[in-house]
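End of the sequence shown sits at 540 in UniProt numbering; the numbers just go up one at a time, nothing left out.
First up is the structure itself, then whatever we jot down about it.
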Amino acid sequence: MSVMRIDPVHFLLVDDLEENLLALEGLLRRDGLVSLKARSGPDALELLLKHDVALALVDVQMPGMDGFELAEFMRGTERTRRVPIIFLTAGNADRQRRFRGYEAGAVDFLHKPLEPDILRSKADVFFELFRQRQEVARQRDELKLATEENVRLLKESRQYAEALEEADRRKDDFLAMLAHELRNPLAPVRNAVEILRQYGANEIAAGKAREIIARQVAHMARLVDDLLDVARIARGKVELRTERCDLTTVVRQTAEDYRPILTEAGVSLVVDVPAHPLSLTGDATRLAQVVGNLLHNAGKFTPRGGTVTVRAAADPANETAVVSVRDTGVGIDAAVLSRLFEPFSQAQQNLDRSKGGLGLGLALVRGLIELHGGSVTAESRGPQQGSTFTLRLPMATPTAKAKATDQDSEPVPSANSHGLRILVVEDNRDAAESLQMLLSMLGHRVDVAFDGSAGVAAAKKLRPDVLVSDLGLPGEMTGYAVAKAVRTDPSLARVYLISLSGYGHDDDRRRALDAGFNCHLVKPVDPADLEGVLAAVPRF
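What follows is the structure in structure tokens.
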């Protein structure tokens, strides 16, 4: 329960004689009351304009402006017209004078000499009324504030509800897109598998089927990688491997990597980069990913016969490097520009989804560029007018030192990687047996265990050169536990441990290495990458 605040109550004493003012003040002096004294009508009006008063005690007979005239002035002013007035008179006021006084706004007449008790009792009535009016006004103001706060909270709650509904709708749209985008590559993979099953002996058909599977698996891996990257950026989990790098080289090489894709789509690529380096401190791999995403996006929305132009230049005035990717494609509607860099946003989400994608590429671009301290903007004159995406990145000063993280030392391949004894520990039988088949075709002797306990037992029996283990094994004997068991067994000290996981963040890799693994690979593993790792396994 709130405690009522008691403000001081002001009252006005008006008399041309100082001794009368002092006498009145003495009679009414008490805690919580503040007297204001005036010896003339004009002085009284000046005080009334400065203070809210509960009561005015006014002498009738004053030189110049008398009490009646003061009262008439008070009643003619909005600020003072409701102030109660008690007239003080030295003699008995006749009926005509009383009528004039009441007409001027008096609530009472008191005759001198004043009776203290009567004066106090009548004044107290008006003091209490004033306090009550103050309290009513205060409660009214508090109610108004509370109402305004309730209106604000209601508005915010509606906005939150609308935001939640929008997020829920976008989640449903995303899940539908994800299902669609994953089914798309699965269809040709399934067809290619059927071709291999029925026409495997036909080398031409088998070769095309293998190419289809490779392309579609790479596409699915990219979808998953983009999704994981967006999630990591949102959680602040992406760490850049920064070093002094040349943006000119990054742009040129990335553009050349994408040239065959654009050429196949009937889109021309123009590359305009300076002959000199554009030095900055950044993660060259991530910057190539950014430029690649913009080129991929431009090519996707540019029809056959169109052109994509990528430029890089320095902006000395702002000490920035500027990269632009311009296309002659379908353009961007103004309503879409404001949300273009939000995850899962695409200009059109229709049933055929002919352009494909999860709407993550531009969100990744913005997240990675902002991690580099830069910015990205999009411009378009409208539908069918093409679009331009512009990156701005701070350039490295001549005295700046690149902030580099320790790079993994590249293994030195041995002259011959064949003939290794490998143990695969994987609970997914299809994954385990297909990996066993692949490694056997490379000339290795491969055994398989389908859980952690069986894997440790097999390792002690077989003493393999390499143990490849999934990290997410069921039960208590996870991949980490397998690594711990192997590393604590002196007889298995020379086993080379490779971890497999669907998680490829730096923290995931670090955790695997801390557990005792020599190398961490992310699913789906590129066979060439695995073969390169096996080529570097030490021979004893």
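Just so you know, even glycine gets a beta-carbon here, dropped at the ideal spot from N, CA and C.
Take the alpha-carbon of residue 241 and the one of residue 523: they are about 22 Å apart.
Rounded to whole angstroms, residue 118 and residue 70 show a C-alpha spacing of 24 Å. With contacts defined as CB atoms closer than 8 Å, residue 55 and residue 84 qualify as a contacting pair.
Looking from the CA of residue 126, the closest CA among 145, 166 and 33 belongs to 33. A Cβ-Cβ separation of about 10 Å leaves residue 326 out of contact with residue 302 under the 8 Å criterion.
In terms of CA proximity to residue 537, 498 leads the group 505, 498, 525 and 508. Only buried fits residue 444, as 16 or more other CB atoms lie within 10 angstroms of its CB.
Put simply, the backbone Cα of residue 192 is about 45 Å away from that of residue 373.
Bounds of the alpha helix (DSSP H) holding residue 102 are 95-104.
For the options 286, 246, 35 and 481, the alpha carbon positioned closest to that of residue 278 is the one of 246.
In the same chain as residue 382, and ignoring 5 residues on each side of it, the C-beta atoms closer than 8 Å to its own belong to 331, 332, 333 and 334, in chain order. Beyond the five residues adjoining it in sequence on each side, residue 62 comes within less than 6 Å, by CB distance, of 16 in the same chain, given in chain order.
When DSSP reads this structure, residue 272 sits in a beta bridge with 311.
Pairwise C-beta distances place the stretch 246-259 in contact with the stretch 285-298, as three or more of them are shorter than 8 Å.
A contact is defined here as three or more CB-CB pairs under 8 Å, and the stretch 462-480 meets this definition with respect to the stretch 496-512. Rounded to whole angstroms, the separation of the alpha carbons of residue 270 and residue 462 is 57 Å. Within the same chain, and ignoring the five residues on either side of residue 108 in sequence, the residues whose Cβ sits closer than 8 Å to its Cβ are 86, 87 and 122.
Within the UniProt domain "Response regulatory" (421-538), the alpha helix (DSSP H) runs of at least 4 residues that lie entirely inside it are, in chain order, 429-441, 452-462, 479-487, 506-515 and 527-535.
Around the Cβ of residue 116, a 10 Å sphere holds fewer than 16 other Cβ atoms; the residue is exposed.
Cβ-Cβ distances below 7 Å link residue 375 to 369 and 392 in the same chain, with the five nearest sequence neighbours on each side left out; the list follows chain order.
Residue 44 sits away from residue 75, with the two beta carbons spaced by 8 Å or more. When only Cα atoms are considered, residue 124 and residue 66 end up about 25 Å apart.
If you ignore the 5 residues before and after residue 470, its C-beta comes within less than 6 Å of the C-beta of 426, 479 and 500, all in its own chain and listed in chain order. Just so you know, the alpha carbons of residue 267 and residue 226 end up roughly 24 Å apart. The alpha-carbon separation between residue 377 and residue 341 amounts to approximately 9 Å. In this structure, residue 435 sits away from residue 534, with a CB-CB distance that is not shorter than 8 Å.
Here the alpha carbon of residue 230 sits roughly 38 Å from the alpha carbon of residue 488.
Of the candidates 25, 475, 131 and 53, the residue whose Cα lies closest to the Cα of residue 120 is 25.
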